[in-house]
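Inspection log for the structure reproduced underneath, given as structure tokens.
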Amino acid sequence: MLFACSRHDNDFIRGSEGFRLMAAAGESIVLDGVEKTYGGANGVRAIAPLSAELRAGEAVSIVGPSGCGKSTLLRLIAGLDAPSRGTIRIGTTPVSGPVPDIGIVFQRDLLLEWRSVLGNVLLPAEIKRLAGLETRASELLQELDVAGFAKSYPWQLSGGMRQRVAIARALLTRPALLFLDEPFSALDALTRDQMNVLLQRLQTTQHVTTLLITHSISEAIFCADRVLVMSGRPGALLDDIRVPFERPRRLAVRETPEFTAIGRRIREHFEKAGVLVG
Amino acid sequence: MRARALAAGMLWPLLSGAFGLALWQGLVKLFEVPVFLLPAPTDVIETIVDKWPYLLSQLAITVMAAGLGLVMSVVLGLAAGAAIAGSRFVDRILTPWLVVAHAIPKVVIAPLFLVWFGFGLQSEMFFVVAFTFFPVIVNTVTGLKSADPEQLLMVRAMGATRLQVLHKIQFPSALASICAGIKLAVTLAPVGAVIGEFVASNAGLGHLLIRAVGDTDTSLAFAAVTVFSIFGVLLWRAAEWVERLVLPWHPSQRETLMLRDATT
Numbered sequence: 030m031l032f033a034c035s036r037h038d039n040d041f042i043r044g045s046e047g048f049r050l051m052a053a054a055g056e057s058i059v060l061d062g063v064e065k066t067y068g069g070a071n072g073v074r075a076i077a078p079l080s081a082e083l084r085a086g087e088a089v090s091i092v093g094p095s096g097c098g099k100s101t102l103l104r105l106i107a108g109l110d111a112p113s114r115g116t117i118r119i120g121t122t123p124v125s126g127p128v129p130d131i132g133i134v135f136q137r138d139l140l141l142e143w144r145s146v147l148g149n150v151l152l153p154a155e156i157k158r159l160a161g162l163e164t165r166a167s168e169l170l171q172e173l174d175v176a177g178f179a180k181s182y183p184w185q186l187s188g189g190m191r192q193r194v195a196i197a198r199a200l201l202t203r204p205a206l207l208f209l210d211e212p213f214s215a216l217d218a219l220t221r222d223q224m225n226v227l228l229q230r231l232q233t234t235q236h237v238t239t240l241l242i243t244h245s246i247s248e249a250i251f252c253a254d255r256v257l258v259m260s261g262r263p264g265a266l267l268d269d270i271r272v273p274f275e276r277p278r279r280l281a282v283r284e285t286p287e288f289t290a291i292g293r294r295i296r297e298h299f300e301k302a303g304v305l306v307g
Numbered sequence: 145m146r147a148r149a150l151a152a153g154m155l156w157p158l159l160s161g162a163f164g165l166a167l168w169q170g171l172v173k174l175f176e177v178p179v180f181l182l183p184a185p186t187d188v189i190e191t192i193v194d195k196w197p198y199l200l201s202q203l204a205i206t207v208m209a210a211g212l213g214l215v216m217s218v219v220l221g222l223a224a225g226a227a228i229a230g231s232r233f234v235d236r237i238l239t240p241w242l243v244v245a246h247a248i249p250k251v252v253i254a255p256l257f258l259v260w261f262g263f264g265l266q267s268e269m270f271f272v273v274a275f276t277f278f279p280v281i282v283n284t285v286t287g288l289k290s291a292d293p294e295q296l297l298m299v300r301a302m303g304a305t306r307l308q309v310l311h312k313i314q315f316p317s318a319l320a321s322i323c324a325g326i327k328l329a330v331t332l333a334p335v336g337a338v339i340g341e342f343v344a345s346n347a348g349l350g351h352l353l354i355r356a357v358g359d360t361d362t363s364l365a366f367a368a369v370t371v372f373s374i375f376g377v378l379l380w381r382a383a384e385w386v387e388r389l390v391l392p393w394h395p396s397q398r399e400t401l402m403l404r405d406a407t408t
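Heads up: the sequence lines are chains A and B, in that order. Going by our numbering, the residue at position 29 of the first sequence is 58; the numbering climbs one at a time, nothing skipped. Going by our numbering, the residue at position 8 of the second sequence is 152; the numbering climbs one at a time, nothing skipped.
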């Protein structure tokens, strides 16, 4: 299972290279009636039919309880797993196997301990055999305020700094989509606020389409242009809320009545579904 | 400052060693133990000095057999380990053989090596391989299989080929474990070589040892054992040094690294 990459996948990489280099402004992502059931007809349904569109350059948050199928969604969008029904498109390219053009940031930073910070950021370039990305790697480290640590090893960095490096790594090859899977939930509250500010600054400078999965209602609103509210298993879309605040945003925006109103609307969905009992 | 700390750390082990040798020397002289029964440390040292070129030439033969066997073991062990870790099929086919092969008491079958590979270096070398391949394979397999599943998922999402996954993630993750296996093999290799020489050679420290005991030249036997032990310790030190070079990032090596940074 670890070695499931076939020759077909390599052709896929080569074929999409030109497309990747042009996709600097991000691509639209379309989920069309996506459904996933594990283990045959009577198996566990992870995702109920789900349709959504992420416009190019848009930042979208998905907020939902544990078990809302977010890990499944990640595997589907990353092409590591095929949907039982429906299709996923990144730009005009349907996702049909591994290696769609996305950068992923996981809850754990997953930095390779044996590589320097710069070496970690350059990993995707090595794997995709893309040359000449050293300058971009340095620029990204600069933008994420960890430029001074390029030659350090991961164990010499704090948790927040490690996650910044992981974000730089995800952005290196200018992916069409930045997929963040609960990226800040292992960080302390202050660091997390700081990373929220940093992320929405990045969305402005990198123009990358962003999909953020989180359990934090306030993080979901703060970092996004749109919040998708998901139900528990099987994951289904409960609401699609536009977030009107201008960018760049300051943390103080969280205390405005508009912000709290959106938070309340999301919370009420969860209360109705029995996920939250207030 | 650092030299003084080092000297303080060495003081007690050195004193302890000197005391043990002095006690040995005193008892042998006091009770006038005949030299063929138990030579005094001074006798042993005298023999080492007298026969130094000869001892060295015999050690070289043992080192050659141990070294060649070890290299073969590591190459074979890494390749077999990678194959076993990479394919469940190979695992099922190969692992039972390995376990059985390791369970066979090798000292007992040493004479068979004489029959199969003849007299001399070749026999010794293969005996060293038989002695050392198991820890290398086992530790390689364990290491390769213990790579972080999420890191594997991550590079697969980046589109890594099977070879890239092995090269970029699995092998570096396994390196600490592989080093542990090689260190075990390093301690076993000289022992294997000497046993090989007992049986299938007319040269080397092992052969020298057998002959010295046969001639009741106990001083020479002790001299051979001493040289052999010093060689074993040096080999272990070398393995540790290589490990530190290869694994500077590993938690097991970090403390020394930080101490070095702090003192230079």
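Even glycine gets a Cβ: it sits at the ideal position worked out from N, Cα and C.
In terms of residues, what are the limits of the beta strand (DSSP E) holding residue i?
i: G115/A; result: 114-119
i: G350/B; result: Taken as a continuous stretch (DSSP letters only), G350/B belongs to no beta strand (DSSP E), being part of the alpha helix (DSSP H) at 348-358.
i: F208/A; result: 206-210
i: P78/A; result: 73-83
i: T239/A; result: 238-243
i: I91/A; result: 88-92
i: R279/A; result: Segment: none, R279/A is in no beta strand (DSSP E) and carries neither H nor E.
i: L267/A; result: 266-271
Kindly list, in the order they appear in chain A, the residues whose Cβ is closer than 9 angstroms to that of residue i.
i: V299/B; result: L152, P153, I156
Among the options, which has the Cα closest to the Cα of residue i?
i: W143/A; options: L391/B, G221/B, Q397/B, L349/B; result: L391/B
i: T121/A; options: A85/A, A166/A, I196/A, I246/A; result: A85/A
i: P183/A; options: L216/A, N149/A, D174/A, L159/A; result: N149/A
i: L310/B; options: L165/B, S201/B, P293/B; result: P293/B
i: M123/B; options: T284/B, G230/B, A210/B, V280/B; result: As shown, chain B starts at 145 and ends at 408. That puts residue 123/B outside it, with no answer to give.
i: G221/B; options: Q266/B, R398/B, S267/B, T286/B; result: T286/B
i: S181/A; options: E284/A, A205/A, L140/A, T243/A; result: L140/A
i: I119/A; options: P153/A, R198/A, A107/A, V134/A; result: A107/A
i: P129/A; options: L109/A, G115/A, D217/A, E248/A; result: L109/A
i: G264/A; options: S80/A, D174/A, G69/A; result: S80/A
i: P279/B; options: L265/B, L332/B, A152/B, D235/B; result: L332/B
i: P316/B; options: R232/B, A226/B, T370/B; result: A226/B
i: L364/B; options: R148/B, T186/B, A152/B, L165/B; result: T186/B
i: Q229/A; options: H244/A, A218/A, E248/A; result: E248/A
i: L170/A; options: K157/A, H298/A, V194/A; result: V194/A
Since residue i is in the alpha helix (DSSP H), which residue starts that stretch and which ends it?
i: V335/B; result: 315-344
i: S247/A; result: 246-251
i: M302/B; result: M302/B -> no alpha helix (DSSP H), and no H or E assigned at all.
i: I133/A; result: Careful: I133/A lies outside any alpha helix (DSSP H), inside the beta strand (DSSP E) at 131-134.
i: T66/A; result: From DSSP, T66/A is part of no alpha helix (DSSP H) but of the beta strand (DSSP E) over 58-67.
i: R232/B; result: 232-247
i: V256/A; result: It is not in any alpha helix (DSSP H) - V256/A instead sits in the beta strand (DSSP E) that spans 255-259.
i: L186/A; result: That residue, L186/A, is in no alpha helix (DSSP H); it is neither H nor E in DSSP.
i: A368/B; result: 362-390
i: S167/A; result: 163-172
i: P178/B; result: Run containing P178/B: none; DSSP gives neither H nor E here.
i: R294/A; result: 286-301
i: L258/B; result: 250-261
i: E142/A; result: No alpha helix (DSSP H) contains E142/A, which DSSP labels as neither H nor E.
Can you pull the chain A residues whose beta carbon is under 7 angstroms from the beta carbon of residue i, in chain order?
i: E294/B; result: F135, R137, L139
i: Q308/B; result: I156
i: K250/B; result: Those within 7 angstroms of K250/B in chain A number zero; the least Cβ separation is about 34 angstroms.
Could you give the C-beta distance for residue i and residue j, rounded to a whole number, given that I count them as a contact under 8 angstroms?
i: V258/A; j: V92/A; result: 6 angstroms
i: V330/B; j: L379/B; result: 6 angstroms
i: V349/B; j: V338/B; result: At residue 349/B the sequence reads Leu, which differs from the Val that was named. With 8 angstroms as the limit, L349/B and V338/B qualify as a contact, their Cβ atoms being about 6 angstroms apart.
i: A154/A; j: L147/A; result: With 8 angstroms as the limit, A154/A and L147/A do not qualify as a contact, their Cβ atoms being about 11 angstroms apart.
i: R255/A; j: R279/A; result: The Cβ separation is near 20 angstroms, so there is no contact.
i: D138/A; j: R191/A; result: 4 angstroms
i: I220/A; j: G188/A; result: Per the sequence presented here, residue 220/A reads as Thr, with Ile not at that position. That belief holds up - the Cβ atoms of T220/A and G188/A are roughly 7 angstroms apart, short of 8 angstroms.
i: A162/B; j: V172/B; result: With 8 angstroms as the limit, A162/B and V172/B do not qualify as a contact, their Cβ atoms being about 16 angstroms apart.
i: P334/B; j: F375/B; result: 7 angstroms
i: L201/A; j: R165/A; result: 6 angstroms
List, in chain order, every chain B residue whose beta-carbon is nearer than 9 angstroms to that of residue i.
i: L109/A; result: L297, R300, A301
Counting only Cβ pairs nearer than 8 angstroms, list the residues of chain B close to residue i.
i: V128/A; result: A301, M302, G303
i: Y67/A; result: Correct list: empty, because the minimum Cβ distance to chain B is about 17 angstroms.
So with CB distances below 7 angstroms, who are the chain B contacts of residue i?
i: E142/A; result: W393
Given 6 angstroms as the limit, tell me if residue i has its C-beta closer than that to any heavy atom belonging to the ligand FAD.
i: P185/B; result: Absent from the structure shown: the ligand FAD. Ligands present: none.
With 7 angstroms as the threshold, decide whether the Cβ of residue i is near any Cβ in chain C.
i: A197/A; result: Looking at the structure shown, chain C is missing, and the protein chains on hand are A and B.
### Message
Against chain A, which members of the segment 385-401 of chain B pass a CB distance test of less than 9 angstroms?
### Response
L391, P392, W393, H394, P395, R398
### Task
Can you give me, in chain order, the residues of the segment 316-329 of chain B that have a beta carbon less than 9 angstroms from any beta carbon in chain A?
Of all residues in the segment 316-329 of chain B, P316, S317, L319 have a Cβ within less than 9 angstroms of some Cβ in chain A.
### Query
If you measure beta-carbon to beta-carbon, which residues of the segment 188-207 of chain B are closer than 8 angstroms to chain A?
none
### chain A contacts from the segment 169-186 of chain B (Cβ-Cβ distance under 9 angstroms)
none
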